[in-house]
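The numbers in the working numbering rise by one with no breaks, and the one at position 67 of the sequence shown is 411.
Everything on this sheet refers to the single structure shown next.
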Amino acid sequence: MSELNLLSPEQIEERRIVVEEKLGIPVKVFCFMVDGKQIIGFTKEAQRITKMRAFDKMIISITDACEILLEAMLIKEESDPSILNDDRIYLSACLEVQGVLLPYSNTLKKN
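In structure tokens form, the structure reads like this:
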């Protein structure tokens, strides 16, 4: 995809909605620019057991934890294949799903 053929944020959102309707599940999207090319990835929610495995793994290695999540969440047939074939893009995608591991903070203040 040349720079002249880049998808707008609105077009990317339209694609996300199409994928979501096709699969019948909530879908999120991320987009990276790499050497003038858009790399678009679509993700689905990971199962709770997968999130728990990744959370436990995070104590030892955040990259291993994110890899577990990415492998479970990436909708491979709808995402750019370079996500799985290029190490730098793969690591960027791993960081993109890292937010699943961030717990909420307790807002109740103790006196």
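Glycine included, each C-beta is placed from N, C-alpha and C at the ideal position.
Just so you know, these numbers come straight off a predicted model, no measurement behind them.
Original post:
Just checking my contact of residue 418 with residue 427 at CB under 8 Å: how many whole Å lie between their CB atoms?
Top reply: So it is a contact: roughly 7 Å between Cβ atoms.
Original post:
Looking at the structure shown, is residue 368 part of a helix, part of a strand, or coil, going by DSSP?
Top reply: Of the three classes helix, strand and coil, the one that applies to residue 368 here is coil, per DSSP.
Subject >> residue 418 - partner residues in DSSP beta bridges >> reply: Residue 418 pairs with 387.
Original post:
Would residue 345 be called buried (16 or more neighbouring beta carbons within 10 Å of its own) or exposed?
Top reply: With a pLDDT of 46 at residue 345, under the threshold of 50, the modelled position of that residue is not reliable, and the figure given next carries that caveat. Counting of Cβ neighbours within 10 angstroms places residue 345 among the exposed residues, the total staying below 16.
Subject >> Test item: CB-CB of residue 433 and residue 363 under 8 Å >> reply: For the pair residue 433 and residue 363, the CB atoms are not nearer than the 8 Å cut-off.
Original post:
What is the DSSP secondary structure of residue 453, reduced to helix, strand or coil?
Top reply: Residue 453 falls in the coil class under three-state DSSP.
**OP:** Take residue 357 and list the residues in its own chain whose beta-carbon comes closer than 6 Å to its own, dropping the five residues that flank it on each side.
**Re:** Answer for residue 357: no residue qualifies.
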